[in-house]
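These notes concern the structure reproduced below.
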Amino acid sequence: MYFVISTISTNPINELSIFTTDTLEYFDDPEDYSVYSVDRISHQDTYFWFRIALKNSKSKIIKSDKYYLYCPKNIKKFNLKITKEYFLLLCMHNNFNLLSFLVKSGYKLNNIDGLFSWASKFNRIGVLEWLKNSGSKPKYCCIDDASYYRNIDVLNWWKNSGFPLKYTSSLINYASRYGHINVLEWWKNSGLELKYDEEAIDSASQNGHINVLEWWKNSGLELKYYDEAIDKCRYGSCSKCIDVLEWWKNSDLPLKYSCEFLDNLINDSLPLLEWWKQSGLELKYSNNALHNALRWSCFRVITWWAKSGLPLKYDINYDYLREYLNDPDMWDRYYMYYIYPT
Numbered sequence: 082m083y084f085v086i087s088t089i090s091t092n093p094i095n096e097l098s099i100f101t102t103d104t105l106e107y108f109d110d111p112e113d114y115s116v117y118s119v120d121r122i123s124h125q126d127t128y129f130w131f132r133i134a135l136k137n138s139k140s141k142i143i144k145s146d147k148y149y150l151y152c153p154k155n156i157k158k159f160n161l162k163i164t165k166e167y168f169l170l171l172c173m174h175n176n177f178n179l180l181s182f183l184v185k186s187g188y189k190l191n192n193i194d195g196l197f198s199w200a201s202k203f204n205r206i207g208v209l210e211w212l213k214n215s216g217s218k219p220k221y222c223c224i225d226d227a228s229y230y231r232n233i234d235v236l237n238w239w240k241n242s243g244f245p246l247k248y249t250s251s252l253i254n255y256a257s258r259y260g261h262i263n264v265l266e267w268w269k270n271s272g273l274e275l276k277y278d279e280e281a282i283d284s285a286s287q288n289g290h291i292n293v294l295e296w297w298k299n300s301g302l303e304l305k306y307y308d309e310a311i312d313k314c315r316y317g318s319c320s321k322c323i324d325v326l327e328w329w330k331n332s333d334l335p336l337k338y339s340c341e342f343l344d345n346l347i348n349d350s351l352p353l354l355e356w357w358k359q360s361g362l363e364l365k366y367s368n369n370a371l372h373n374a375l376r377w378s379c380f381r382v383i384t385w386w387a388k389s390g391l392p393l394k395y396d397i398n399y400d401y402l403r404e405y406l407n408d409p410d411m412w413d414r415y416y417m418y419y420i421y422p423t
């Protein structure tokens, strides 16, 4: 078996030394080298040359001249094992001549699905074309990778490839979640079946993508969102959340939200509380609004509720709550538990 030893300090960059197992034990400076078998060469490596290490009669290691790693003659001469990583390296460097030579010579093209996936992620149309023309067929469609990585050219390639297209609602949902308008537009105009669900709009709302929300509103497509769609925007930053709330309020769409929004406003959420109070929308909240504020020691939130003029909902002893509002230091005596009626 051959071993690949890549030097850290002595050899030039992009050069390998290949040692056979009977010479490894005679190597004097192992700390200068990292050892791994040739079939574990990483596709991230960019080696182009290698040397052969020979052992003479005095047990000294002698290195041969350099050999080009991607030469058909050298592959045959040294009987190099062709692995899936090697094929990927050839794809990375667009070495289609050697790829074709290996396939015609009977080498099995390993990890076909991995090559299709890699090419789809990194927008390598040439590699996709070569794979298709070589007769390779993926077991699964990599249109997911193209969509996730916003590669419109690759999306078009898959659409016109003739391969069966298999995909789920996760593609359009993902594009909405991360604000990929160009991908959403491509899917809308592709003529393919549009698969999406409530998560598309909900996740755009949660991540503060007003441009995506506006795209959906004007798309002419069926608008799907859960009954708690607006609730999710509270997970974003306060300023983004207010922008999203304003968008929903002015969207003329049915507003779907629950007690979860106001009940879980703690910490630095006073601007959001104030926005809801001034919005003119129905205020939905329960006794959990005060419970959660007490539990997490949010004195400013409790004070806001007390001064808001809104009906207070609670099932704790009001005398204790009133005493707490008048004496913030009292919290040290009632920290992290609820005070229920006696």
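When the letters of the sequence shown are read in order and numbered with the working numbering, they come out as residues 82 to 423. Backbone N, C-alpha and C fix where the C-beta goes; we use that ideal spot for every residue, glycine too.
Residue burial classification, Leu336 (beta-carbon count within 10 angstroms, cutoff 16): By the 10 Å Cβ count, Leu336 comes out exposed.
Exposure of Phe131, with buried meaning 16 or more beta-carbon neighbours within 10 Å: By the Cβ-count criterion, Phe131 is buried, with 16 or more other Cβ atoms from all chains shown falling within 10 Å of its own Cβ.
Alpha-carbon to alpha-carbon, Ser271 and Ser300: Looking at the backbone, the Cα of Ser300 and that of Ser271 are separated by about 14 Å.
Close Cβ partners of Leu180 (< 6 Å) along its chain, the five nearest in sequence each way excluded: By the criterion of a C-beta distance shorter than 6 Å, Leu180 is surrounded in its chain by Leu171, once the five residues flanking it on both sides are discounted.
Inter-residue spacing [alpha-carbon to alpha-carbon] between Asn204 and Val184: Taking the straight line from one Cα to the other gives about 23 Å.
Identity of the residue in Arg376, Asn160, Leu252 nearest Ile347 by Cα: Closest by C-alpha distance to Ile347, out of Arg376, Asn160, Leu252, is Arg376.
Lys313, buried or exposed, once every other Cβ within 10 Å from all chains shown has been counted against 16: It counts as buried.
7 Å Cβ cutoff met for Lys307 and Asp283: Contrary to the premise, residue 307 reads as Tyr rather than Lys in this sequence. Contact flag set, yes.
Cβ pair Tyr395, Asn368 closer than 7 Å: For Tyr395 and Asn368, yes; Cβs fall inside 7 Å.
Straight-line Cα distance separating Leu236 from Leu391: Leu391 and Leu236: Cα-Cα distance of roughly 53 Å.
Per DSSP, the bridge partner or partners of Tyr149: For Tyr149, which the question treats as bridged, DSSP gives the partners Trp130.
Beta-bridge partners of Lys165, as assigned by DSSP: Paired residues: none, contrary to the question.
C-beta atoms of Lys202 and Tyr230 nearer than 7 Å: The Cβ atoms of Lys202 and Tyr230 sit closer than 7 Å to each other.
Ala256 vs Leu246 beta-carbon contact at 7 Å: Taking 7 Å as the Cβ cut-off, Ala256 and Leu246 do not qualify as a contacting pair.
Backbone secondary structure at Lys144 - three-state DSSP: Three-state DSSP puts Lys144 in a strand.
Cys340 versus Leu354: straight-line alpha-carbon distance, rounded: Spanning the alpha carbons of Cys340 and Leu354 requires a straight line of approximately 13 Å.
Nearest-angstrom Cα separation, counted from Trp329 out to Ile311: Each residue's alpha carbon lies about 8 Å from the other.
Residue nearest to Asn178 in terms of C-alpha spacing, selected from Asn288, Lys218, Val208: Just measuring C-alpha positions, the residue of Asn288, Lys218, Val208 sitting nearest Asn178 is Val208.
Within 7 Å, strictly: CB atoms of Ser217 and Ile193: It is a contact, given that the beta carbons lie within the stated cut-off.
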